[in-house]
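*Asks:* In UniProt numbering, the protein residues as written are 1 to 622.
Idealized CB from N, CA, C, for every residue including glycine.
Handing you a structure now.
Now the structure itself:
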């Protein structure tokens with residue numbers, strides 16, 4: 001009989017070193033670990049491995065070379081491709097040879113500015129094969145932001161493609177790369193350019209190389225063993241000062257944590273198909289499109305498209321059925337977009353769910369009404385879970401793989417084994433679990449979490465300064481009487497209304513429960529009497545009435561549940577909310593607009609026109 005969640009969690013807390021050394025047995029090591037956490041070095045210091053070999057080569061060596069490793073599904077190009085583990089090994093080894101021929105060696109950095117195509121995975125795994133450090137930047141990211149990342153990571157090579165395809169729109173990448181490299185202080189040795197059929201890009205003489213030619217002329221490169229504590233990748237996330245933070249992930253802890261998570265959180269095993277509908281530019285794409293499924297010997301699905309519009313709101317469900325997806329992971333925003341276009345779940349009813357066992361949500365808080373809608377139509381567990389770029393893998397979840405299906409709408413679940421949570425008040429004292437407090441995790445963090453910030457050790461240390469001995473997550477939440485953790489939003493999304501601390505997440509939850517509302521955002525507006533008051537923006541479902549009474553109904557709904565203390569008087573009905581490319585609503589930007597500040601479109605925005613809609617709605621309300 002397998003161990004229960006409670007038993008596994010207890011073991012992880014009683015002796016973390018023994019627990020994670022046991023989990024490390026799932027990985028093939030050149031030098032196996034004999035130590036767990038080593039202060040100042042990280043997890044499994046002294047051990048050696050190669051992450052690419054664990055994700056690719058060892059499955060071929062085990063006789064699974066003919067099994068499908070990657071499914072590439074691209075509704076925007078009409079392309080479908082199945083790549084076996086043997087084919088993946090050969091493509092990755094030759095891509096690594098291409099990089100090695102250009103002088104890339106262990107410890108060098110490579111920036112990858114690519115769309116959602118197989119060559120992007122090949123490039124990431126090829127860096128890992130050589131012991132080089134990759135830094136993936138979204139294809140289409142603004143040149144000044146790309147330049148900042150080039151200057152910080154100081155890469156030897158930049159890999160790119162001629163364009164990306166965003167829905168029906170072709171986004172040329174090469175002009176953006178050229179502009180970024182003009183802005184950057186750090187010189188790049190070479191740009192390797194993959195020409196796509198959708199558009200052809202010009203080459204810069206002496207610097208640029210054609211990917212197809214360089215790949216064809218390369219000799220396959222072997223796997224290079226590295227220290228468990230050597231960096232695997234740098235992934236940049238927005239910093240509070242405008243300077244991006246380069247989160248560093250170590251090879252050993254990353255491999256152990258992701259392999260453990262696939263079996264014990266998601267409940268998938270070798271031969272199963274796992275689909276994370278994200279982008280490799282985000283941490284979800286790193287962990288659960290590229291590394292996690294392949295480390296576990298699963299088939300991973302690489303999707304180049306959108307939840308709606310490529311071609312319709314049924315594309316996710318058809319893809320799940322067509323490719324026998326066992327577990328699906330996406331963002332709440334994607335499900336809200338589908339629900340907006342298909343509120344009655346007609347596409348789900350028509351297509352079914354195949355052999356799907358569960359759907360996981362993460363990226364931002366999943367409001368209860370979205371979860372309830374999805375569960376009603378999918379007739380499967382819909383599991384919200386919580387983590388961050390810094391953590392690299394889930395810290396709060398329902399551990400489906402441990403046989404646990406307990407879940408509560410509005411909660412991200414329970415602490416994942418290995419994570420030790422605490423709540424603090426504004427004064428840094430332990431907070432009452434029942435009230436919203438600042439969420440922190442006791443150090444040392446489990447394997448797979450960030451080990452430092454690239455070129456910014458002081459910034460890394462600041463993450464542990466507010467509550468000594470704890471990592472400050474920057475999120476607010478509470479723990480209910482049954483032990484469920486509820487993440488209510490970032491700590492700066494707690495607003496103080498005339499001395500009453502209110503969670504904007506809680507207000508959003510109430511608004512999202514209105515039958516006409518597809519999604520919403522609530523921010524704090526400055527008020528000279530109350531200090532702050534909430535201001536709401538709501539998007540109406542497709543086919544729902546957008547009448548003059550809707551704002552009044554929303555205000556009454558919030559007042560009815562929270563009382564007059566909520567002080568919600570301003571509700572703007574908009575067509576769309578501004579979001580990042582990962583689907584996170586840009587609440588901080590909305591807040592600044594509400595408070596009358598001049599706001600430029602941030603580099604992470606997916607839909608700049610949404611800012612125009614927000615400004616217009618504010619002019620139309622009192």
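#1: Can you find the residues in the same chain that come closer than 7 Å, C-beta to C-beta, to residue 467, ignoring five residues on each side of it along the sequence?
#2: Measuring CA to CA, which of 586, 60, 487 and 573 is closest to residue 616?
#3: Considering only C-alpha positions, which residue in the set 278, 517, 345 and 228 is nearest to residue 362?
#4: Should residue 7 go down as buried or exposed, given a rule of 16 or more other Cβ atoms within 10 Å for buried?
#5: Taking the beta strand (DSSP E) that residue 417 belongs to, which residues open and close that run?
#6: Could you tell me which uninterrupted beta strand (DSSP E) segments, each at least 3 residues in length, are contained entirely in the segment 157 to 209, listed from first to last along the chain?
#7: Once you ignore the five residues that flank residue 104 on each side, which residues in its own chain have a CB closer than 7 Å to its CB?
#8: Return helix, strand or coil for residue 554, following the three-state DSSP convention.
#9: Could you have a look at residue 347 and say whether DSSP puts it in helix, strand or coil?
#10: I need the boundaries of the beta strand (DSSP E) containing residue 291, first residue and last residue.
#11: Given a cut-off of 7 Å, decide if residue 540 and residue 310 are closer than it, judged by their beta-carbon atoms.
#12: If we ignore side chains and look at the alpha-carbon of each, how far apart do residue 474 and residue 366 end up?
#13: Just to confirm, is the Cβ distance from residue 199 to residue 162 under 7 Å?
#14: Ignore the nearest five residues each way along the sequence and tell me which others in residue 336's own chain have a CB closer than 7 Å to its CB.
#15: Check whether the Cβ atoms of residue 325 and residue 451 lie closer than 7 Å to each other.
#16: Between which two residues does the alpha helix (DSSP H) harbouring residue 261 extend?
#17: What three-state label does DSSP hand residue 13 in the structure shown?
#18: Inspect the CB distances between the segment 551 to 560 and the segment 585 to 600 and report whether three or more fall short of 8 Å.
#19: Just checking my contact of residue 469 with residue 266 at CB under 8 Å: how many whole Å lie between their CB atoms?
#20: Is it buried or exposed for residue 564, if we count other Cβ within 10 angstroms and need 16 for buried?
#21: Enumerate in chain order the residues of its own chain whose CB-to-CB distance from residue 331 is below 6 Å, with the five nearest sequence positions on each side excluded.
#22: Give me the DSSP bridge partner(s) of residue 27.
#23: Taking all protein chains shown into account, decide if residue 34 is buried (16 or more other Cβ within 10 angstroms of its Cβ) or exposed.
#24: Can you find at least 3 beta carbon pairs, one from the segment 18 to 33 and one from the segment 182 to 196, that sit closer than 8 Å?
#25: Nearest CA to the CA of residue 627: which residue from 301, 406, 79 and 25?
#26: Go to residue 319, then tell me how far its alpha helix (DSSP H) extends in each direction, as first and last residue.
#27: Which whole-angstrom value describes the C-beta separation of residue 263 and residue 295, a residue pair presumed to lie in contact below a C-beta threshold of 8 Å?
#28: Would you please state the rounded distance, in angstroms, between the beta carbons of residue 449 and residue 391? I believe it to be under 8 Å.
#29: Give every residue of the same chain whose Cβ lies closer than 7 Å to the Cβ of residue 96, excluding the five residues on either side of it in the sequence, and list them in chain order.
#30: Is it true that the segment 50 to 60 meets the segment 83 to 97, where meeting means three or more beta-carbon pairs spaced less than 8 Å apart?
#31: Using only the alpha-carbon positions, how far apart do residue 607 and residue 601 sit?
#32: Quick check: the segment 477 to 495 against the segment 503 to 516, are at least 3 beta-carbon pairs closer than 8 Å?
#33: Tell me the start and end of each unbroken beta strand (DSSP E) in the segment 41 to 93 that is at least 3 residues and wholly inside, in chain order.
#34: Classify residue 241: buried if its beta carbon has 16 or more other beta carbons within 10 angstroms, exposed otherwise.
#35: Just verifying my parser: in three-state terms, what is the DSSP assignment at residue 332?
#36: Restricting to Cα atoms, I'd like to know which of 52, 422, 119 and 484 is closest to residue 404.
*Replies:* On the basis of the data shown:
#1: Around residue 467: 424, 428 and 440.
#2: 573
#3: 278
#4: exposed
#5: Unbroken run through residue 417: none, as it is neither H nor E.
#6: 157 to 161, 163 to 166, 169 to 172 and 190 to 194
#7: 110, 130, 132, 156 and 157
#8: helix
#9: Residue 347: helix per DSSP, three-state reduction.
#10: Run containing residue 291: none; DSSP gives neither H nor E here.
#11: no
#12: 18 Å
#13: Contact: yes.
#14: 370, 518 and 519
#15: no
#16: Note, residue 261: alpha helix (DSSP H), 251 to 264.
#17: If DSSP states are grouped into helix, strand and coil, residue 13 belongs with the helices.
#18: no
#19: Not quite, the Cβ-Cβ distance comes to about 30 Å (not below 8 Å), so this is no contact.
#20: Its Cβ having fewer than 16 others within 10 Å, residue 564 is exposed.
#21: Excluding residues within five positions, the ones whose Cβ falls inside 6 Å are 363 and 583.
#22: DSSP, once it has assigned bridges, lists no residue as partnering residue 27.
#23: exposed
#24: no
#25: Absent from the model: residue 627. The displayed extent of the chain is 1 to 622, so no value can be given.
#26: 315 to 322
#27: So it is not a contact: roughly 10 Å between Cβ atoms.
#28: Between residue 449 and residue 391 a beta carbon distance of about 5 Å is seen, short of the 8 Å cut, so the two are scored as contacting.
#29: 126, 129, 130 and 221
#30: Taking a cut-off of 8 Å for Cβ pairs, the segment 50 to 60 and the segment 83 to 97 touch, as three or more such pairs fall below it.
#31: 9 Å
#32: yes
#33: Counting only runs of 3 or more, we get 68 to 74 and 79 to 84.
#34: Caution applies to residue 241, whose pLDDT of 49 falls short of 50 and renders its modelled position unreliable; the model cannot decide the point.
#35: helix
#36: For residue 404, the closest C-alpha among the options 52, 422, 119 and 484 is that of 484.
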